[in-house]
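**Student:**
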Ligand SMILES: [Zn+2]
Ligand SMILES: [Zn+2]
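Residue numbers (the numbering used here): 2 to 340.
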């Protein structure tokens, strides 16, 4: 077995199982170290069996490399595969089967943990037909938000990757753009117009009073370049970053604006977000909104978190046809352009 594939797959299963980040990084880093070696260097280490002398490779990852090169599936990987055969959540099978694409994911271009290429390849491997790369906008410095120049570079890179990925999967040019305090978007309008999918989210001043927050969100929703309203309440219900209460806004006004301006309400499937909460999700369903079922994945294994969101959507009786990423790619792109 190829040791890089083995290490990456271990990373995938650990991410999916929400294992400790440091543990995951050890496997991801070891895979990176191996890919950076020349053929000759790799052969020399293989002969010497001294993988542990390389920076970024510890005793555990060295063992995995040795086992892979011996032609076996490393027992640890076999164990993870077996554990991973169990679904993350049940009850969302119909919605999940209907879901064709991902519209919210991050890569190392901003605060994601893996390359854009690996995110795309993993999404394709999960049976998706398309995925939009939606890295952060400039204002979000902690997440290494992309300047206009870097976003332009990424757009060109997406085109190159698509040429390499073949016809059965398409990577879409996108962004998760910050909604500024006054409802404006944190990226130049002409650049946003070049993108295929625009997710707009609030990431700062989450504690604004209800009236200001409602104005702010509706301002963004009314912008013709916005396609999806990301994690609308900003709440955190569990996880490494701790918890955070939901933002306060007039949800009936915000969802009515989403309906009128044809902006899909995101069902953010990340278990620590689980956003919007059930009562708001029900309100958005009753309002007649469209939805986007997204993972907000920051690592390949998190692309499978869609199961969590699918379970919620199905339990609340949401018709999969109202989820825009169950649509074929061309239908989705036509809608994004005119909505
Ligand atoms: Zn976000
Ligand atoms: Zn995000």
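The beta carbon of each residue, even a glycine, is placed where N, CA and C say it ideally should be.
So, are the CB atoms of residue 196 and residue 220 less than 7 angstroms apart?
**Tutor:** In this structure, residue 220 does not lie closer than 7 angstroms to residue 196 by Cβ.
**Student:** Determine the DSSP secondary structure at residue 55, reduced to helix, strand or coil.
**Tutor:** Three-state DSSP puts residue 55 in coil, outside helix and strand.
**Student:** In chain order, what residues of the same chain lie with their CB nearer than 6 angstroms to the CB of residue 13, ignoring the 5 residues before and after it?
**Tutor:** Closer than 6 angstroms at Cβ, skipping near neighbours: 301 and 302.
**Student:** Residue ranges of each alpha helix (DSSP H) run of no fewer than 4 residues wholly in the region 61-93, ordered along the chain?
**Tutor:** If we require 4 residues or more, the alpha helix (DSSP H) runs fully inside the region 61-93 come out as 76-85.
**Student:** Between the Cα of residue 248 and those of 231, 264 and 241, spot the shortest distance and give me the residue it belongs to.
**Tutor:** Per the Cα distances, 231.
**Student:** With a threshold of 16 other CB atoms inside 10 Å of the CB of residue 331, please say whether the residue is buried or exposed.
**Tutor:** By the neighbour-count rule (16 or more Cβ atoms within 10 Å), residue 331 is not buried but exposed.
**Student:** Is residue 276 helix, strand or coil by DSSP?
**Tutor:** It is a strand residue.
**Student:** Going by the C-beta, is residue 297 closer than 6 angstroms to any heavy atom of ligand 2?
**Tutor:** Result yes, Cβ under 6 angstroms from ligand 2.
**Student:** Can you determine whether any heavy atom of ligand 1 sits closer than 6 angstroms to the C-beta of residue 202, and answer yes or no?
**Tutor:** Yes.
**Student:** Does the contact criterion of 3 or more C-beta pairs under 8 angstroms hold for the region 269-287 versus the region 206-219?
**Tutor:** No contact exists between the region 269-287 and the region 206-219.
**Student:** Helix, strand or coil for residue 12, going by three-state DSSP, please let me know.
**Tutor:** In this structure, residue 12 counts as helix in the three-state DSSP scheme.
**Student:** Answer yes or no: the CB of residue 231 versus the heavy atoms of ligand 1, is any distance below 6 angstroms?
**Tutor:** Yes; taking the cut-off as 6 angstroms, the Cβ of residue 231 has a heavy atom of ligand 1 nearer than that.
**Student:** Looking at ligand 2, does it come within less than 6 angstroms of residue 241, judged from the CB to the closest heavy atom?
**Tutor:** Not so, every heavy atom of ligand 2 lies at least 6 angstroms from the Cβ.
**Student:** With DSSP collapsed to three states, give me the class of residue 202.
**Tutor:** Three-state result, residue 202: strand.
**Student:** Got a sec? Which residues, its chain only, sit under 6 angstroms from residue 274 by beta carbon, not counting five neighbours each side?
**Tutor:** Around residue 274: 232.
**Student:** Here's the rule: buried if 16 or more other CB atoms are within 10 angstroms of the residue's CB, otherwise exposed. What is residue 143?
**Tutor:** Its Cβ having fewer than 16 others within 10 Å, residue 143 is exposed.
**Student:** Suppose contacts are defined by Cβ-Cβ distances below 7 angstroms. Is residue 277 in contact with residue 234 by that definition?
**Tutor:** Cβ atoms of residue 277 and residue 234: closer than 7 angstroms.
**Student:** Using 8 angstroms as the Cβ pair cut-off and three pairs as the minimum, do the region 104-114 and the region 130-140 touch?
**Tutor:** They touch, by the three-pair rule.
**Student:** Measure the Cβ-Cβ separation of residue 5 and residue 38 and say whether it is below 7 angstroms.
**Tutor:** In this structure, residue 38 does not lie closer than 7 angstroms to residue 5 by Cβ.
**Student:** Count the other CB atoms within 10 Å of the CB of residue 191; is the residue buried (16 or more) or exposed (fewer)?
**Tutor:** Residue 191 is exposed by the Cβ-count criterion.
**Student:** Buried or exposed for residue 255, please, with buried defined as at least 16 other CB atoms from any protein chain shown within 10 angstroms of its CB.
**Tutor:** Buried, since its Cβ has 16 or more Cβ neighbours within 10 Å.
**Student:** State the DSSP-derived secondary structure class of residue 150, mapped to helix, strand or coil.
**Tutor:** Three-state result, residue 150: helix.
**Student:** Measure the CB-CB distance between residue 173 and residue 163 and report whether it falls below 7 angstroms.
**Tutor:** The answer is no: Cβ separation not under 7 angstroms.
**Student:** Please identify the residue among 102, 184, 322 and 80 whose C-alpha is closest to the C-alpha of residue 298.
**Tutor:** The shortest C-alpha separation from residue 298 is found at 102.
**Student:** Looking at the structure shown, is residue 136 part of a helix, part of a strand, or coil, going by DSSP?
**Tutor:** Coil.
**Student:** Tell me whether the region 80-94 and the region 62-70 touch, counting them as touching only if at least three CB pairs, one residue from each stretch, are closer than 8 angstroms.
**Tutor:** Contact fails: fewer than three Cβ-Cβ distances are below 8 angstroms.
**Student:** Going by DSSP, which residues form a beta bridge with residue 28?
**Tutor:** According to DSSP, residue 28 bridges with nothing at all.
**Student:** At a cut-off of 6 angstroms, would you count residue 273 as near ligand 2, judging by its Cβ distance to the nearest heavy atom?
**Tutor:** Residue 273 Cβ: outside cutoff for every heavy atom of ligand 2.
**Student:** Could you give the first and the last residue of the continuous alpha helix (DSSP H) run that contains residue 255?
**Tutor:** From DSSP, the alpha helix (DSSP H) with residue 255 extends over 252-261.
**Student:** Which residues mark the beginning and the end of the beta strand (DSSP E) in which residue 179 is found?
**Tutor:** That run of the beta strand (DSSP E) goes 171-179.
**Student:** In the DSSP output, what is residue 266 paired with across the bridge?
**Tutor:** For residue 266, which the question treats as bridged, DSSP gives the partners 230 and 292.
**Student:** Among the candidates 19, 44 and 29, whose CA atom is the shortest distance from the CA of residue 56?
**Tutor:** Among 19, 44 and 29, the Cα nearest to that of residue 56 belongs to 29.
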